[in-house]
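Since the structure comes first, as structure tokens, the remarks are kept for the end.
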Amino acid sequence: MASVTSLTSAVHQRLASALSAALPETADADPLLRRSDRADFQANGILALAKKAKANPRELATQVVGQVVTGDVIGNVEVSGPGFLNITVTDKAITENLAARAADAEGRLGVPYTEQPGTTVIDYAQPNVAKEMHVGHLRSAVIGDSVVKLLEFTGETVIRRHHIGDWGTQFGMLIQYLDEHPHELDHKAAEVTGEEAMSNLDRLYKAARKLFDSDEEFKTRARRRVVDLQAGDPHTLAMWQKFVDESKIYFFSVFEKLDMEIRDPDIVGESGYNDMLAETCRLLEESGVAVRSEGALCVFFDDIKGPDGKPVPLIVQKSDGGYGYAATDLSAIRDRVFNLKANSIIYVVDARQSLHFKMVFETARRAGWLNDDVKAYQLAFGTVLGKDGKPFKTREGETVRLVDLLDEAIDRASAVVREKAQDLSAAEIAERGAQVGIGAVKYADLSTSANRDYKFDLDQMVSLNGDTSVYLQYAYARIQSILRKAGDVRPSAHPELALTDAERALGLHADAFAETVAEAAAEYAPHKMAAYLYQLASLYTSFYDKCPVLKAQTPEQVENRLFLCDVTARTLHQGMALLGIRTPERL
Ligand code: ARG
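The opening position of the sequence shown corresponds to residue 1 in the UniProt record's numbering, with each subsequent residue numbered one higher.
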């Protein structure tokens, strides 16, 4: 195993053993270590421990200092204030640790795998068949993709599920219409682009809707079609399949634009659970978890009531026998728990569906499908707002098409790249423009914590200054340009060299990558990775301003600084990859 113990945990271990030597009766005392501006680290845990042991905190702190092993990792430790410890690590330890990370043969920068990996099913990127994708679908896809990457990087087995909306009443209408107007979806499949596929569907949907609203007889035929569909009538199913296939052409084109890999076998939509629905209802009814109420099969909750004070049930089966969204989600839980053997199930879904998931999870818990060993969690995300702070709409008040937004982001980014580009060809500008534009959109989404709303502001997103992906991509490209200029001089670590403050700050932060991965993965929180990377790029910028690299004083210092540049670049590259964002070599 090439995993590297971070300096934070090395210091933590040394302090913890010093603490137990000074206070033998206290087991597992936490020194409460954190990064600090005064020294490298500060430990604040002694105050509380002294209070417990009825000891004088400064005296206890002094005793602990006497027990700390110094010289290798810890350079200096002293008591400060009422009983804090200020700890400085050695320059040598910083450089050696980074050298060990750079030497990791697996290219993981010494990041360890989690000790007990499990299986996580993640439900994300779930657009609806025969409908345009909008900004809400962007969030689920972008956040989900990053969580997949973070978890896989820690060694977790991840099963992706794209729970697309491909079942339900509107399909009766669409199928009936297409059956009566058989040539409306005809085309040579191989040549159809995503955009075309969508405009075909859109046209058909509008026409079908118009007829449905104006023609009672068509309405009746359409309703009968839903029943045929759910009963598995082969002809109806074949028609339905056309809609699904057409929509998938469109989805794949959007996901490709998003630079995101979505695999066909992972698309298991609502329809995929059709065969389980009746059994799910039977199990719930037999166990008494669900009860009949006015003909419908319902689950009730003490704490969930409507505005009139009456309990709001989760309806598993409607009084007409039809199954809805809840029956499908409950069946999907059974599949994920019993067939896919998930330990965790994550749902990356809009916060506006939180009540639904609260009820579904509680129902599954009562049924015994979820428990302390198998957990479900909604990674709920907030709303995308326009610049005016209101939910994002077009000037005409319509939902904004996701593809239009992405195209605009790419246009803006290409303009930024073109302006800065010195030696890029037109083709390169187009490629970088896409990488920068899509990166900007993803980063803006990922850098705020998921549950918060955020403003979709393209000007801000592609700005070179501030907390943007472009800033990070430029930091990366700038490092690559220095490494190219270095020519034959190779980056190489010289642990014997003293470091400047800017080098230490950069080095310590680069060393903390592994902890950030662990935290962001455990908390399903890509924004923690984004914040870490922004800090890394900022520390690099100050290092670069203060420390000449190729013109450093000695050849060893040139090599060591190139080494710091290289480790920073690799960390940026890996971290951005975990967010699903490219780092072009030149910008
Ligand atoms: N298709 C749904 C929508 O567009 C999201 C599906 C979420 N996943 C689930 N298992 N219900 O809102």
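Backbone N, C-alpha and C fix where the C-beta goes; we use that ideal spot for every residue, glycine too. Note that this is a predicted model, so its numbers are computed, not measured.
Would residue i be called buried (16 or more neighbouring beta carbons within 10 Å of its own) or exposed?
| i | result |
| --- | --- |
| LYS528 | buried |
| LEU15 | buried |
| ALA514 | buried |
| VAL316 | buried |
| LYS551 | exposed |
| PHE392 | buried |
| PHE361 | buried |
| HIS134 | buried |
| SER425 | exposed |
| LEU355 | exposed |
| ASN407 | Per the sequence presented here, residue 407 reads as Asp, with Asn not at that position. Answer is exposed; the Cβ neighbour count stays below 16. |
| ASP145 | buried |
| THR120 | buried |
| residue 610 | The question about residue 610 has no answer, for the chain in this structure spans 1 to 587. |
| PRO526 | buried |
Beta-carbon within less than 8 Å of residue i's beta-carbon, same chain only, minus the 5 sequence neighbours each way: which residues are those?
| i | result |
| --- | --- |
| PHE153 | ARG108, VAL111, VAL517, ALA521, LEU578 |
| ARG209 | MET173 |
| GLY165 | GLN126, PRO127, ASN128, VAL129, LYS131, GLY269, GLU270 |
| THR541 | ALA475 |
| LYS242 | LEU178, LEU185 |
Among residues of its own chain, excluding the 5 on either side of residue i, which ones have a beta-carbon nearer than 6 Å to its beta-carbon?
| i | result |
| --- | --- |
| HIS162 | ALA125, GLN126, ASP266, ILE267 |
| ILE304 | VAL312 |
| ILE333 | ALA364, TRP369 |
| LYS257 | LEU406 |
| ASN560 | HIS494, LEU497 |
Going by DSSP, name the residue or residues bridged to residue i.
| i | result |
| --- | --- |
| PHE84 | SER80 |
| PRO311 | LYS305 |
| ASN128 | GLY165 |
| ILE122 | ARG160, ILE346 |
| PHE381 | ASP350 |
| LEU297 | ARG292, GLN317 |
| HIS134 | ARG401 |
| LYS375 | SER344 |
Give the single residue among the options whose Cα lies nearest to the Cα of residue i.
| i | options | result |
| --- | --- | --- |
| GLU78 | THR70, SER542, ILE87, ASP145 | ILE87 |
| residue 603 | GLU59, LYS341, ALA342, ALA29 | There is no way to answer for residue 603, as the model of the chain reaches only from 1 to 587. |
| ASP72 | GLY389, VAL11, ARG395 | VAL11 |
| GLY269 | LEU464, LYS387, LYS248, ALA376 | LYS248 |
| THR8 | ILE94, VAL549, ALA21, TYR177 | ILE94 |
| PHE218 | ARG586, LEU178, PHE252, GLN230 | LEU178 |
| SER492 | PRO82, GLU96, GLN170 | GLU96 |
| GLY386 | ASP335, GLN422, LEU458, VAL349 | LEU458 |
| GLY81 | THR62, SER469, VAL89, THR70 | THR62 |
| LYS546 | SER293, ARG452, GLN116, ARG504 | ARG504 |
| HIS137 | GLN460, ASP445, TYR471 | ASP445 |
| ASP566 | SER463, LYS485, ASP213 | LYS485 |
| GLU191 | GLU246, ASP202, ILE159 | GLU246 |
| GLU585 | ILE479, GLY309, ARG490 | ILE479 |
Whole angstroms is fine: what's the gap from residue i's alpha carbon to residue j's?
| i | j | result |
| --- | --- | --- |
| LEU150 | GLU519 | 10 Å |
| ILE262 | SER36 | 42 Å |
| LYS442 | ILE74 | 39 Å |
| ARG432 | TYR273 | 41 Å |
| TYR347 | MET276 | 20 Å |
| ALA197 | THR236 | 20 Å |
| LEU379 | VAL147 | 10 Å |
| VAL349 | PHE381 | 6 Å |
| ARG412 | LYS206 | 32 Å |
| ALA43 | TYR325 | 51 Å |
| GLN435 | ARG582 | 6 Å |
| GLN176 | ASP320 | 21 Å |
| VAL558 | LEU483 | 11 Å |
| TYR471 | TYR544 | 14 Å |
| ALA100 | SER3 | 9 Å |
| ILE143 | SER449 | 10 Å |
| LYS420 | LYS318 | 60 Å |
Kindly list the residues whose CB is nearer than 7 Å to the CB of residue i, restricted to its own chain and excluding five residues on each side of it in sequence; keep chain order.
| i | result |
| --- | --- |
| ASP467 | SER447, TYR534 |
| LEU536 | HIS509, ALA510, THR568, THR571, LEU572 |
| GLY83 | ILE46, LEU47, ALA50, PRO57, ARG58, LEU60, ALA61 |
| TYR524 | VAL147, ILE346, LEU379 |
| MET260 | ALA141, ASP145, GLY580 |
| LEU283 | ALA367 |
| ALA351 | ALA380, PHE381, GLY382, ASN451 |
| ARG225 | GLY172, ILE175, GLN176, THR236 |
| LEU211 | TYR177, PHE218 |
Shorter than 9 Å from the beta carbon of residue i to some beta carbon of chain C?
| i | result |
| --- | --- |
| THR468 | Given the protein chain composition of this structure (a single chain), no chain C is represented. |
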